[in-house]
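> At position 150 of the sequence shown the residue is numbered 150 (the numbering used here), and the sequence of numbers has no breaks.
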Amino acid sequence: MKYLFSIITALLLTSCVSTQSTLKNVDNNAVRPAIKDLAYAITEYATDSKYGYDQDYPINIGFIHEKQEDINIQYYFNGLEGPNGEKISYKKVDTCCPFPSKNSLMGAGTVGIYEVTFEGSNKKVMLYFNIFEKGKILCPKGFVIKKPVSSNK
Numbered sequence: 001m002k003y004l005f006s007i008i009t010a011l012l013l014t015s016c017v018s019t020q021s022t023l024k025n026v027d028n029n030a031v032r033p034a035i036k037d038l039a040y041a042i043t044e045y046a047t048d049s050k051y052g053y054d055q056d057y058p059i060n061i062g063f064i065h066e067k068q069e070d071i072n073i074q075y076y077f078n079g080l081e082g083p084n085g086e087k088i089s090y091k092k093v094d095t096c097c098p099f100p101s102k103n104s105l106m107g108a109g110t111v112g113i114y115e116v117t118f119e120g121s122n123k124k125v126m127l128y129f130n131i132f133e134k135g136k137i138l139c140p141k142g143f144v145i146k147k148p149v150s151s152n153k
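Printed below as a string of structure tokens:
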């Protein structure tokens, strides 16, 4: 039964996938930031306002195994704060936008949609993530890079 479900799912997913990817910011030479204190050490800000906010300009944290998505998304958000230093919360709310990918066992990837909220505010934003392709990992507009915790020694 599981095998049949997997085959049907694969057929449905691949039948909906375009033969051309619409992703605009894939960079197979990009290097994922170092992890420090359970956070990506993000060093640069996005200059394009579409970065992360548009399904065709997702935050590309791939190539990672699908089982590693949660921890890598956590590392990403642990490296950011709201525009005024607010703590942020996030949750995955959907997936969308199938695209062809050589980095998926099924030959197709999807983009994860995450809802982000800021402490002390009703403001919500949606960010798009791609775990199948690589790209430069940047801080999107509307966020700031969290300063590393310094130790007094």
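Here a beta-carbon is modelled for each residue, glycine too, at the ideal position from N, C-alpha and C.
(1) Examine chain D for any beta-carbon lying closer than 8 Å to the beta-carbon of residue 117, and answer yes or no.
(2) Start and end of the beta strand (DSSP E) containing residue 99?
(3) Keeping to the same chain, check which residues put their C-beta closer than 8 Å to that of residue 72; ignore five residues upstream and five downstream.
(4) Helix, strand or coil: how does DSSP classify residue 143 here?
(5) According to DSSP, simplified to helix, strand and coil, what is residue 130?
(6) What number of angstroms, rounded off, separates the C-alpha of residue 49 from the C-alpha of residue 57?
(7) Is DSSP giving residue 73 helix, strand or coil here?
(8) Which residues bound the beta strand (DSSP E) around residue 114?
(9) When you compare each of 59, 29 and 35 to residue 45 by their alpha carbons, which one comes out closest?
(10) How many angstroms separate the CA atom of residue 108 from the CA atom of residue 96?
(11) Can you pull the DSSP bridge partners for residue 60?
(12) Quick one: Cα of residue 110 to Cα of residue 140, how far?
(13) In chain order, what residues of the same chain lie with their CB nearer than 8 Å to the CB of residue 101, ignoring the 5 residues before and after it?
(14) Less than 8 Å between the CB atoms is what I'm expecting for residue 145 and residue 116, so what's the real figure, rounded?
(15) Taking the DSSP output, what are the residues bridged to residue 40?
(16) Within 10 angstroms of its Cβ, does residue 119 collect 16 or more other Cβ (buried), or is it exposed?
According to the structure data:
(1) Absent here is chain D; the protein component of the structure consists of one chain.
(2) Residues 88-100.
(3) 61, 64 and 131
(4) coil
(5) strand
(6) 10 Å
(7) helix
(8) 108-118
(9) Residue 59 is the option with its Cα nearest to residue 45.
(10) 12 Å
(11) 130
(12) 20 Å
(13) 21, 107, 108, 109, 132 and 133
(14) With 8 Å as the limit, residue 145 and residue 116 do not qualify as a contact, their Cβ atoms being about 15 Å apart.
(15) 35
(16) exposed
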